[in-house]
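Residue numbers (this note's numbering), protein chains in the order written: chain W, 58 to 225; chain Z, 173 to 798; chain V, 13 to 118.
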Amino acid sequence: MITTLFYILSAFTLATAFLTIFSKNPIHSAIYLVLCFFSIAGHYLMFNAQFLAIVHIIVYSGAIMILMLFTIMLMNLNKEDEKNKTLWSRLAAVISFCLVALVLLAAFIKAQQTGYTYEVSGEDYQSIKVLGQVLLNDYMVPFEFASVLLLVSMIGAVLLSKKEHINN
Amino acid sequence: METNLALLLLLAPLAGFLINIFAGKKLSGNLSGTLGSLAVAVSFAVTLFFFLQVNNTGEPVMVNLYTWMKMVNFDINFGFQLDQLSLLWLMFVTGIGTLIHIYSISYMHDDENIHKFFAYLNLFVLFMMILVMGSNLLIMFIGWEGVGLCSYLLIGFWYKKQEYNDAAKKAFIMNRIGDLGFLIGIFIIGYLFHSVEYNDIRNIIASGEADIDMAWLGIAALCLFIGACGKSAQIPLYTWLPDAMAGPTPVSALIHAATMVTAGIFMITRLNFVFDLTPDIQHIIAIVGAITSLMAATIGLAQNDIKKVLAYSTVSQLGLMFMALGFGAYEVAVFHVITHAFFKACLFLGSGSVIHAMHGEQDMRNMGGLKKVMGITFATFMISTLAISGLPPFSGFFSKDEILMTAFHHDKVLWIIGSLASIMTAFYMFRLVFLTFYKDFRGTEEQKHHLHESPGLITFPLIVLAILALVGGAISLPGSSWLNHYLAPVIANPAQHHALGTTEYMLMGIAVVGALIGIGLAYTKYISKAQVPPQDSEITGFTKVVYNKFYVDEIYMAVIVKPIYAIGSFFKNVTEAAISGFVFGLGRAATLIGAQGRYIQNGSVGFYLLIFVLGMCSVIAYIFLK
Amino acid sequence: MENILQEIGIDNYIYLSALLFCVGAFGVLYRRNAIVMFMSIEIMLNAVNLLLVAFSTYHQDAAGQVFVFFSMAVAAAEVAVGLAILVAVYRNISNIDIDNLKKLKG
C-alpha cells in the first residue's frame, strides 16, 4: 500500500515538475510548481517528518511561490507570448538533461551499497522537540548566521527593487 | 645625558642635511652654507666635550641604542663606541669638516646648487661619524657605504660634464669592489667570533680560550684589507682617487684627502687585535703600502694638473700609512693620518684658492708668479709643503720619520722604498710650489688681470690648517709621545718604541737630507734653469709612461672592463634574445588564445548555463565514474 | 514505529531526487523566462532537500533535517534577492527574457 502511494506520489512530483517547465504561461508554471511542492511535502509526511512538511509548505508554497506570483503579476507576464529558444538551444538542453540524468544515475548505481542494513532503532529523532534541541544547541551559530543572512537579503532586496533616482 | 649628546652629535649634520636638501632651494646660498657649517660646528663642540671627558677619565663612552638584529647566540646592537680612537677621528673629521664648510661658503658662492653641495657635505660628515663611532663592524659598514655614496654624489657634483660623471662612477665601482671584500670579511669575522662587536672580538682574542681557525681568520683579514684598499686607494684599487679630483676642491680636501680615504686605516687600526694574529697579511699590507707609495710618488713627478699632483701625493702618503700598519705600528699610522689631514687639507684648500684666482685653470704650466698676488695662500701652502716634505720642525717630519724609522727596524728594503718615495714627494711638491708661485705668470692676459687674493672665508681655514700643520707634530714627539699614551687602551699590542739612539738620529738626518735633495733638485730644475714642463705632445720616453700613469687605467680597461663588456654584450645579444623570444612567445600565444577565446564569452546566460551544467557533469563523471 | 524506508528502500528515493534534479537543470537550460528559470532552480533545491530528508531518516539522525531548514532559509534569501534583481532588470528592458541580457559580455 505504501509502495503504491510512493509511486503515485513520485509520478505526480515528476509530472508537475515537467509541467512547470513546459507551461507557456508563467502563472500556470507557478501553480504546477505549488502542486509539485505539495507532493514533496507528501513525501516528507511519508518519512514521518511532519514538522518539516509543515515548514516546507509554509515556506515554499506559502512564501516563495506567493512572492513569485506577485512578481509575475507585477510584470504583467500573464500571457503566453514567450518565444521559444532556437532549435539548437532546445536540443542542447535535452541532450544535457539526458547527460545529467545518465551521469547521476550511473554514479548512484556504480556506488555499491555498503554493508549497512537499515534497522529502526525506535529512537525519536524528528519530532519538533528533538529538532528544536538539535537546532538550538548543536547548530546555534549557523542558526544565527542564517538569521543574519535573511536580514541582509531583505535589505538587499529592498535596495535593489527601489526605484533609482537618476539625475535628469 | 651621554646618549643624548651622542645623538646630538649625529643629529646635527642630519638636520643640516635635511634642511638643505628639502628647503635649501628657498634659502640663499650664504644661509644654507652657514647652516651646514653650523651643524658640523655643533658636532665639533660635542666631540670636543667627549674628547676632554675621555681624555680625563680614560673610560670610553658606550652608547647602546637598541638590539638591531637578534639571532641565536648572535646579537647585533645598534650602538656607538666613543673611545680614544673614534674620538680622535671625530676630532679631525668635524674640526677639519667645519673649516672646509666655512671655506666652501665662499668657494661655492656662485654655484646654483650650493644648497645641495652643503647637504651632501653634511650627509658625508654624518656617515663618516657613523663609520668611526659604530660599536661594531656592521654599523661601520653603514657609514662605510654612506661615505662611498656621498663621495659619488660629490665627485659628480658638476654632473653636466660627462667625464665628471664617469669619474664618479669609477670611484663608486672601485669602492664597491673593496666593499664586497669588507662585507665578506665581516661575514667571516661574524662566523668565527659569533659577534661583530669590537669589544667582544677583542675579549675573545685576549682570553685566548676560543679555538679560532687561523686560516679563516687570515682570509678575513685579507678581505678586510681589500676593503681598506678600495676606500683608501691602495694598489690595485687606487685609480679612482686621482679621477675623483673632478669634484669641487673642498670635496677633494675633505673627502679625498683628509677623512674618507683614511677610513681604511681607521678600520685596520680598529681591528688591530685581529691583524696582529695574522702576520702574513700584515706583511702583504706593508708591501702593498710601500709599492703604492713609490708608484704614486713616481706618477706624481710628471703630472701637470695641480690637483692631480696632490691626489697622487695623497695616494703615496696613504701608502706610507699602510706600510706602518703592516709593521703593526698603528699609533704611527694614526699619527701620520692626523698630520696628513692637516697639511693635505691645507694644500688642497690652497690649490682651491689658486684655482679660484685662476678662474678654474688647473694646469701648472699656465701658472707662475702667484706669490706676489696671493701672499696668505702662498705662506700657508709653503708651510704645508714643508710639512709634507718632512722638514723639521713641521708636523710631517715627525710622523713620516716615525714611519721610516719603524720600517728601518723591520725591513730594510721597504725602508729604502719609503725613503725614495719621500724624496720624490719633496721633489714634486716643490716642483708644484715653484711652478705655481715663483717666476713669471705664464697664463693669459685676462687671467693675469683677474688675479687676486681670496676672501677671508677662504684664507681663514688656510691659516688655521697651516698653524696645525706647523705644530701638529707636537702630539707625538719622539721620546715623549702623548698620542701613544692616549691610544694605548685601544691598541692591543703597542709598537716597540725605540729609544733615541745614534741610529735614530742618523735616520732622521738621512730623511732630512733626502728631503733637501728633493727640494734642491726641484730648485735647480725649475728655478735656476727655469724649466717649464713640456706640452703633452712633446713628452717622450719614460716620462711619457709616467705622465700617463703607467697606463694603469688603460690596462684595467683592456684586461677587466673590455672583457666584461664583451660578456655583457654576449648576454644581451644572445641570451637575452633567446629569453625574451621565449617570454614574448608565451605572451603572443596567450594573446592568440585570448583572441579566439573571447568568442566563447558571448554574453548569453543560457549558453553559460549550458557550459556550467556540462562542466558539472564532467566533474561528477570524473569523480564517480572513472 | 513503522517506517517507509523499510518498505521502499533508499534507492528509489535516490533515483527520484536525481531525476527531479535533472528536470530542474533541464528547465534552467530550456526556458528563457527568468522567473521560470527561478522555479527550476527551486525544483533542484527541493530535489536535494528530499534526498537530505531521506538520508536523515535512513541514518535516523536529526542533522539532515536541520540542514534542510538552513537550505530553506538560503533558498528564501536567494529568491528574495533574485526577484528583486529581476524587477530591476524588468524596469530597464521591459522584459525578463534572458536572451536579451547580453550586456554582461565584457
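Ideal placement from N, C-alpha and C gives every residue a C-beta, glycine not left out.
{"Asked": "Segment limits, beta strand (DSSP E) that includes residue 722 of chain Z", "Found": "Unbroken run through residue 722 of chain Z: none, as it is neither H nor E."}
{"Asked": "Between the CA atoms of residue 124 of chain W and residue 75 of chain W - distance to the nearest angstrom", "Found": "21 Å"}
{"Asked": "Residue interval of the alpha helix (DSSP H) (run including residue 658 of chain Z)", "Found": "654-659"}
{"Asked": "Chain-ordered chain W contacts of residue 20 of chain V [CB-CB under 8 Å]", "Found": "59, 60 and 63"}
{"Asked": "Nonlocal neighbours in the same chain, by C-beta distance under 7 Å from residue 219 of chain Z, ignoring five residues either side", "Found": "181, 259, 262, 263 and 266"}
{"Asked": "Contacts around residue 620 of chain Z, its chain only, beta-carbon distance under 7 Å, and the 5 residues preceding and following it disregarded", "Found": "613"}
{"Asked": "Contact list for the region 26-46 of chain V against chain W, Cβ threshold 8 Å", "Found": "26, 27, 28, 30, 31, 32, 33, 34, 35, 36, 37, 38, 39, 41, 42, 43, 44 and 45"}
{"Asked": "Residue 249 of chain Z - partner residues in DSSP beta bridges", "Found": "Z/239"}
{"Asked": "Which listed residue (Z/422, Z/403 and Z/420) has its alpha carbon closest to that of residue 413 of chain Z", "Found": "Z/403"}
{"Asked": "Through-space distance from residue 281 of chain Z to residue 437 of chain Z, alpha-carbon basis", "Found": "34 Å"}
{"Asked": "Cβ-Cβ distance between residue 182 of chain W and residue 74 of chain V below 7 Å", "Found": "yes"}
{"Asked": "Beta-bridge partners of residue 233 of chain Z, as assigned by DSSP", "Found": "Z/254"}
{"Asked": "Reference residue 417 of chain Z, options Z/365, Z/360, Z/478 and Z/453, closest by Cα", "Found": "Z/478"}
{"Asked": "Proximity test, Cβ basis, 7 Å: residue 157 of chain W and chain Z", "Found": "yes"}
{"Asked": "Interface flag, residue 98 of chain W vs chain Z, CB-CB below 7 Å", "Found": "no"}
{"Asked": "Bridge-paired residues (DSSP) for residue 535 of chain Z", "Found": "Z/477"}
{"Asked": "Span of the alpha helix (DSSP H), counted from its first residue to its last, around residue 330 of chain Z", "Found": "Taken as a continuous stretch (DSSP letters only), residue 330 of chain Z belongs to no alpha helix (DSSP H), as it is neither H nor E."}
{"Asked": "Beta-carbon proximity list for residue 442 of chain Z, same chain, < 7 Å, skipping 5 on both sides", "Found": "257 and 370"}
{"Asked": "Alpha carbon of residue 759 of chain Z to alpha carbon of residue 742 of chain Z, nearest angstrom", "Found": "24 Å"}
{"Asked": "Extent of the continuous alpha helix (DSSP H) to which residue 370 of chain Z belongs", "Found": "370-379"}
{"Asked": "Residues, ordered as in the chain, of the region 757-779 of chain Z that lie near chain V by beta-carbon distance below 7 Å", "Found": "773, 774, 775, 776, 777 and 778"}
{"Asked": "Alpha-carbon spacing of residue 107 of chain W relative to residue 85 of chain W, whole angstroms", "Found": "28 Å"}
{"Asked": "Among Z/296, Z/482 and Z/722, nearest to residue 189 of chain Z - alpha-carbon criterion", "Found": "Z/296"}
{"Asked": "Collapsed DSSP secondary structure at residue 141 of chain W in the structure displayed", "Found": "coil"}
{"Asked": "Residue 386 of chain Z versus residue 378 of chain Z: straight-line alpha-carbon distance, rounded", "Found": "15 Å"}
{"Asked": "Three-state class that DSSP yields for residue 448 of chain Z in the structure shown", "Found": "coil"}
{"Asked": "CB contact below 7 Å: residue 214 of chain W versus chain V", "Found": "yes"}
{"Asked": "7 Å Cβ shell around residue 13 of chain V - same chain, five flanking residues per side excluded", "Found": "Unreliable placement is indicated for residue 13 of chain V, whose pLDDT of 47 sits below 50; the coordinate value is still reported in the next sentence. Correct list: empty, nothing qualifies."}
{"Asked": "Secondary structure, alpha helix (DSSP H): runs of 4+ residues fully inside the region 594-657 of chain Z", "Found": "617-622 and 628-643"}
{"Asked": "Cβ contact (3+ pairs, closer than 8 Å) linking the region 542-559 of chain Z and the region 444-452 of chain Z", "Found": "no"}
{"Asked": "Straight-line gap, residue 271 of chain Z to residue 636 of chain Z (C-alpha atoms, nearest Å)", "Found": "8 Å"}
{"Asked": "Alpha helix (DSSP H) segment containing residue 61 of chain W, residue limits", "Found": "59-79"}
{"Asked": "Within 7 Å, strictly: CB atoms of residue 113 of chain V and residue 777 of chain Z", "Found": "yes"}
{"Asked": "For residue 13 of chain V, three-class secondary structure by DSSP", "Found": "Note that residue 13 of chain V scores 47 on pLDDT, short of 50, meaning its location in the model is unreliable; the coordinates nonetheless yield the value given after this. Three-state result, residue 13 of chain V: coil."}
{"Asked": "Residue-chain proximity (residue 95 of chain V, chain Z), Cβ-Cβ < 7 Å", "Found": "no"}
{"Asked": "Sufficient close CB pairs (3 or more, under 8 Å) joining the region 717-728 of chain Z to the region 621-636 of chain Z", "Found": "no"}
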